[in-house]
Structure formats: structure tokens, C-alpha cells
Amino acid sequence: MNETEIRTTALTTLLSIAPEVEADELRGDRPLRNQVDLDSMDWLNFLLGLHEKLKVDIPEADYARLITLDDVVAYLQKKLGDA
Amino acid sequence: MIEFKLPSLGSDMDEGTLLEWKVGVGDTVKKGQVVAIVDTSKAAVDIESWQEGRVHQLIAGIGQTMSVGTVMALLLEAGETAPAEVGAGGTAPATAGPAAAIAAPAAASRRMVSPAARKHAEEKGVDLANITGTGPRGAVTLQDVEAAAATLQPTPQAAPVATKITDRAADMRKTIAAAMSRSKREIPHYYVAEDIPLAAALAWLQATNAQRPMNERLLPAVLLLKAVAIALKRYPELNGYWRQENDGGFVPSVAIHLGVAISLRQGGLIAPALLDADSKPLTLLMQELTDLVKRTRAGSLKSSEMSESTITVTNLGDQGSQAVFGVITPPQVALVGFGRVAERPWAENGELKVLPVVTASLSADHRVSDGHRGALFLRELSDLLQHPEDLDQ
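Chains as they are written, first to last, in the numbering used here: chain A, 1 to 83; chain B, 1001 to 1393.
Structure representation (C-alpha cells):
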């Protein structure tokens, strides 16, 4: 799975939780939760959605590294590459 | 004969609109069974019956707006014979006439639509009036809406749908305004707050979650909720209702049902109950919280969840402010608030450390309790959170 496909999957997952989000207006290099109103339950469901779609385990210890959409995509790409 | 009345689903509800009957004439109804779906200004709610019987007559029609306490249906108690059956020698289906007579005009004036279908229609901009329902008695189903949405032209219906959503948001705002105004008018609030170090709780949570699959991990909010529920056992004057009857008075509740404030994506909030939160292990509480949040945002709550909270907890979470001092939801007598968990300087035993800390607050009714007891409650809460392993029982 390439970077574009992973980004699309991440956005689709995000939109399923926050349907009001305009994907085109999201800045990949800005903190995601500053741009989208996601509470801790939403954030958990977002990561859980990625886990279910991509079969990637995301340890809780890694949550702090996932700040921007670019962080999330790069993290998943590395995980999928390592798999 | 049992009169099944529209229940109050909170002090902020005066009326509701019947969306759907989930039972028909002649059906047996059990305790806790969902018998109808009623639209309030906040959400479509599954109305449960707390009595057992057999449906004799459905009085309320689909689309009918009625006040709280209105008789919606008549149920026969076990062994009871319908009055009309007596007159007909017990042979005729006594309720067919009146029920049909009531149902017919209602069905003509208002469509039967499942809550999920109604919500999906709003999101997709589908006009329900243009859909032919394929569900029971012509009810519009989610599949009907999806089929209609697939054929929808992009723009023409956007305006009315937007207006409808705006109306709903405005209705909810009005309802919240009325309830909160009443609270501030009638309840003499007092407020106390306590900073609670969470290093032990979060370390325990991290270790626990490391052993769990992703879909079973716990959020810090669950620890906070459980600690509140357990602390309330020692402070019953914070858990219950203020009743206006007989010059007013406090009625404590044995059960601890935490109303959890959940914000809606379209604005507004609802605080449905996590029932018996004090007696549930953390894993179950987390499952129920997840389910409650999901159903609240999907507009599919049960009447018991809307009406039985004995206290409210509002948690601003990690994106929120440092502290929150909430307004009590009548007839409850207290509200616990949690601000953002954040690292802060912490002085202890002459040393300065940096620790994750949360500010817990209590808004309480001064007619029932005093600040001293409120402060002790928060200290109890703090002590409980220093021993998180004990909360998982």
C-alpha cells in the first residue's frame, strides 16, 4: 500500500467519525486535533478504525507520536513496510 | 387496565412526538421492552415499558406531539379481559376497531420512519416525503433512504435540509437554555475544586492497556467515572433528586447512575446515564461508555438512559480547559466536572515535581449539602484515584 492509499484510508476513517470535516481543508502538517473536534473517544475510534482496516497494531505508547495527519500516514507506512 | 403514559426523559422535556410504535395491538409487552420511539427536542429515544401486559389499544398516532404524562396506549394486565371482549362474548378482537380508527389518519399525516433512516435522510439531503417505505406498515427504512440518496440530484434539496438541521439545533439550544435557566433560578449552587495528581492512575492504565488488544483498551475517563461512582457511596447527599412536592425535599438514590455529558457533532449535548456505574468492572464500563457515546450521536437512546441519571459528570477531556464548573441538571443535586489532564508543577514533601494533574470540581445544591462535605467528597475522589487497581472491581 503506497502513501496515497494510506492517506486516503486515514481520511476515510476520519470522515466516518467526523463527517463534517472538509478533507480538502485539512493541513497534513498541522496537529489533527487542532483542526478537527475529536474527543478522546473519537481519537480512540479513529486509531481503532485504522487498526481494523490496515491490520496494524498501534501500541498506546505510540499515540504521542501521532500528532498530524502526516505523522499518522508516515507511521502507518513504516508499520506496513515492516510487516 | 394499565395506562402507558409518555414518560419524562429529564427535566428539560415537556413534550415528545411519536415516531414509531414498536408493538401492535394484541402484543405482549415485557418490562424493559422498547414499545415506541419518541422524538424529543434532543434525540429520538426508544421508550421502554416498565410494566407487563398485552396491548389493548394504541391511542397515540404516528406524528402526534403530546405532553409528558399523556396516555399513549392501554395495556391489559395479566388475566384481564378487554372491556369490548366482554360485550362481544369474548369472541371478537376487541381492539381492532378503535386502534384502526386511530392509526389510519395518523399514518396518512405522518410517515413511519426509523430513527436511523431519519438521521441518514438528513445527512444525505433526502426528502422523506418522496420515499415509498418498504418496511412494516409502509415504514421508511435505512435501505429505502440509501436507495433514494443514490438517485438524488446534487443541489436542489440542500437548503431545506440545512434549515431542518438548524431548526433541530435551535430546538435543542432552547431546551438546554430552559433547563439551565431553571437550574440557576431554583438551585443555590456552591462550587469546590481539587487538583488531583494522576501519575499512579495513568501509569496503571498504561500497563493495563499494554496487555489489552486495541479494542479493549481503557480511556482515563473510565477511571474517573468509576472513582466518582465509588466516592458517591460515602456521600449519598450528592446522589439523588430534589423533589418539589410537599414543600420540597431531597430523596437520595440507592442506585448510582452517572449521567455522562456527551457533546453532539452538530452542537448541543445530551447526558444519558451509565447505569449502576459503581458496581461494574472497568472493562464493562468502557464497553458501555463506548456504546453510549455511539448511540447518543446516532440518536438511538433508551428512555431509561435519558431519565434515570442520579448525578451528572462532565469531562472536558484532553482538548478541554483546565477546569469546568457546571450547572446542575434538575432534579439532580450535584455535578462533577473534570478539566484537561495536563502536566503541571506539583509540590510534595518539600520537593517540586512535574506530574499529570486533573482539576476536579463539584457543583452542588446547597439545600442538600454543604461545601465542607463537598470538599471531603473531592478528597475521597483523589484518594481513590491514587489506587487505580482497586477501582477495577
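Virtual Cβ for every residue (Gly too), placed ideally from N, Cα, C.
A quick note: this is a predicted structure, and the numbers were derived from the prediction, not measured.
Any C-beta of chain A under 9 Å from that of residue i
{"i": "glutamine 1287 of chain B", "result": "no"}
{"i": "aspartate 1167 of chain B", "result": "no"}
{"i": "valine 1293 of chain B", "result": "yes"}
{"i": "arginine 1173 of chain B", "result": "no"}
{"i": "alanine 1159 of chain B", "result": "For alanine 1159 of chain B, the predicted structure reports a pLDDT of 46, less than 50, and the residue's modelled location is therefore unreliable. The matter cannot be settled from this model."}
{"i": "glutamate 1085 of chain B", "result": "Any reading at glutamate 1085 of chain B must be qualified, since the residue scores a pLDDT of 48, below 50, and its modelled position is unreliable; the value itself is stated next. So, not an interface residue."}
{"i": "asparagine 1349 of chain B", "result": "no"}
{"i": "alanine 1082 of chain B", "result": "no"}
{"i": "aspartate 1392 of chain B", "result": "no"}
{"i": "glycine 1215 of chain B", "result": "A small correction: the amino acid at residue 1215 of chain B is asparagine; glycine does not occupy that position in the sequence shown. So yes, asparagine 1215 of chain B belongs to the interface."}
{"i": "proline 1220 of chain B", "result": "yes"}
{"i": "threonine 1132 of chain B", "result": "no"}
{"i": "arginine 1110 of chain B", "result": "For arginine 1110 of chain B, the pLDDT reaches just 44, beneath the cut-off of 50, and the residue's location in the model is therefore unreliable, leaving the point undetermined."}
{"i": "threonine 1290 of chain B", "result": "yes"}
{"i": "glycine 1317 of chain B", "result": "yes"}
{"i": "glutamine 1206 of chain B", "result": "yes"}
{"i": "glutamine 1394 of chain B", "result": "One cannot answer for residue 1394 of chain B here, as it falls past the ends of chain B, which runs 1001 to 1393."}
{"i": "serine 1263 of chain B", "result": "yes"}
{"i": "glutamine 1332 of chain B", "result": "no"}
{"i": "glutamine 1322 of chain B", "result": "no"}
{"i": "alanine 1199 of chain B", "result": "no"}
{"i": "alanine 1210 of chain B", "result": "yes"}
{"i": "glutamine 1064 of chain B", "result": "no"}
Residue i and residue j closer than 9 Å at C-beta
{"i": "tyrosine 1191 of chain B", "j": "leucine 1362 of chain B", "result": "yes"}
{"i": "valine 1324 of chain B", "j": "valine 1368 of chain B", "result": "no"}
{"i": "serine 1300 of chain B", "j": "aspartate 1046 of chain B", "result": "yes"}
{"i": "arginine 1295 of chain B", "j": "glutamine 1322 of chain B", "result": "no"}
{"i": "leucine 1009 of chain B", "j": "serine 1307 of chain B", "result": "yes"}
{"i": "leucine 1292 of chain B", "j": "proline 1272 of chain B", "result": "yes"}
{"i": "lysine 976 of chain B", "j": "glutamine 1033 of chain B", "result": "There is simply no residue 976 of chain B to check, as chain B begins at 1001 and stops at 1393 in what is shown."}
{"i": "leucine 1074 of chain B", "j": "isoleucine 1062 of chain B", "result": "no"}
{"i": "glutamine 1266 of chain B", "j": "glutamate 20 of chain A", "result": "yes"}
{"i": "leucine 50 of chain A", "j": "leucine 1219 of chain B", "result": "no"}
{"i": "alanine 61 of chain A", "j": "alanine 1210 of chain B", "result": "yes"}
{"i": "phenylalanine 1338 of chain B", "j": "alanine 1360 of chain B", "result": "yes"}
{"i": "leucine 1378 of chain B", "j": "isoleucine 1230 of chain B", "result": "no"}
{"i": "lysine 78 of chain A", "j": "isoleucine 58 of chain A", "result": "no"}
{"i": "methionine 41 of chain A", "j": "threonine 1290 of chain B", "result": "yes"}
{"i": "arginine 27 of chain A", "j": "leucine 76 of chain A", "result": "no"}
{"i": "glycine 1317 of chain B", "j": "alanine 1221 of chain B", "result": "yes"}
Whole-Å CB distance - residue i paired with residue j, under 8 Å assumed
{"i": "leucine 32 of chain A", "j": "alanine 23 of chain A", "result": "Not a contact, Cβ separation roughly 12 Å."}
{"i": "lysine 1226 of chain B", "j": "glutamate 1048 of chain B", "result": "In fact, because the Cβ distance is near 25 Å, the residues do not count as touching under 8 Å."}
{"i": "valine 1068 of chain B", "j": "glutamate 1015 of chain B", "result": "7 Å"}
{"i": "alanine 64 of chain A", "j": "valine 36 of chain A", "result": "About 18 Å; that fails the 8 Å criterion."}
{"i": "valine 1243 of chain B", "j": "proline 1356 of chain B", "result": "A quick correction: the sequence has arginine, not valine, at residue 1243 of chain B. About 40 Å; that fails the 8 Å criterion."}
{"i": "lysine 1005 of chain B", "j": "threonine 1081 of chain B", "result": "The Cβ separation is near 22 Å, so there is no contact."}
{"i": "methionine 1180 of chain B", "j": "glycine 1268 of chain B", "result": "No, methionine 1180 of chain B and glycine 1268 of chain B are not in contact; Cβ-Cβ is about 12 Å, not under 8 Å."}
{"i": "arginine 7 of chain A", "j": "valine 73 of chain A", "result": "5 Å"}
{"i": "phenylalanine 46 of chain A", "j": "leucine 38 of chain A", "result": "7 Å"}
Min CB distance residue i to chain B below 9 Å
{"i": "serine 40 of chain A", "result": "yes"}
{"i": "aspartate 57 of chain A", "result": "yes"}
{"i": "aspartate 37 of chain A", "result": "yes"}
{"i": "threonine 9 of chain A", "result": "no"}
{"i": "leucine 48 of chain A", "result": "yes"}
{"i": "alanine 64 of chain A", "result": "no"}
{"i": "glutamate 60 of chain A", "result": "yes"}
{"i": "glutamate 25 of chain A", "result": "no"}
{"i": "aspartate 71 of chain A", "result": "no"}
{"i": "arginine 33 of chain A", "result": "yes"}
{"i": "glutamate 126 of chain A", "result": "Outside the modelled stretch of chain A, which goes from 1 to 83, sits residue 126 of chain A, for which no answer is possible."}
{"i": "leucine 44 of chain A", "result": "yes"}
Of the listed residues the options, nearest to residue i (C-alpha basis)
{"i": "lysine 1233 of chain B", "options": "B:Ala1347, B:Asp1278, B:Arg1344", "result": "B:Asp1278"}
{"i": "leucine 1223 of chain B", "options": "B:Gly1024, B:Asn1239, B:Gly1010, B:His1387", "result": "B:His1387"}
{"i": "leucine 1282 of chain B", "options": "B:Ile1131, B:Ala1201, B:Ile1037, B:Leu1355", "result": "B:Ala1201"}
{"i": "asparagine 1315 of chain B", "options": "B:Asp1291, B:Ala1229, B:Ile1262, B:Met1072", "result": "B:Ile1262"}
{"i": "alanine 1255 of chain B", "options": "B:Arg1265, B:Leu1275, B:Leu1238, B:Leu1269", "result": "B:Leu1275"}
{"i": "serine 1253 of chain B", "options": "B:Gln1244, B:Pro1236, B:Asp1247", "result": "B:Pro1236"}
{"i": "threonine 1329 of chain B", "options": "B:Trp1346, B:Thr1028, B:Arg1185, B:Leu1076", "result": "B:Arg1185"}
{"i": "glutamate 1077 of chain B", "options": "B:Trp1050, B:Gln1064, B:Trp1204", "result": "B:Trp1050"}
{"i": "valine 1358 of chain B", "options": "B:Asp1365, B:Asp1370, B:Leu1352, B:Glu1343", "result": "B:Glu1343"}
{"i": "valine 1228 of chain B", "options": "B:Thr1040, B:Leu1391, B:Gly1053", "result": "B:Leu1391"}
{"i": "threonine 1312 of chain B", "options": "B:Ile1270, B:Gly1320, B:Gln1319, B:Pro1345", "result": "B:Ile1270"}
{"i": "arginine 1373 of chain B", "options": "B:Leu1238, B:Thr1028, B:Ser1309, B:Gly1350", "result": "B:Leu1238"}
{"i": "histidine 1189 of chain B", "options": "B:Ala1298, B:Leu1376, B:Gly1320, B:Leu1335", "result": "B:Leu1335"}
{"i": "lysine 1030 of chain B", "options": "B:Arg1054, B:Ala1044, B:Ala1169", "result": "B:Arg1054"}
{"i": "valine 1257 of chain B", "options": "B:Gly1317, B:Gln1064, B:Gly1133, B:Ser1309", "result": "Checking the sequence, you will find histidine at residue 1257 of chain B rather than valine. Closest by alpha carbon: B:Ser1309."}
**Study point:** Continuous beta strand (DSSP E) assignments of at least 3 residues falling wholly in the segment 1214-1264 of chain B
**Key:** 1240-1243, 1249-1252, 1258-1260
Point to revise | Minimum length 4: unbroken alpha helix (DSSP H) runs contained in the segment 1278-1357 of chain B | key: 1282-1298, 1303-1307
Review point. Which residue spans inside the segment 39-64 of chain A form an unbroken alpha helix (DSSP H) run of at least 4?
Key: 40-54
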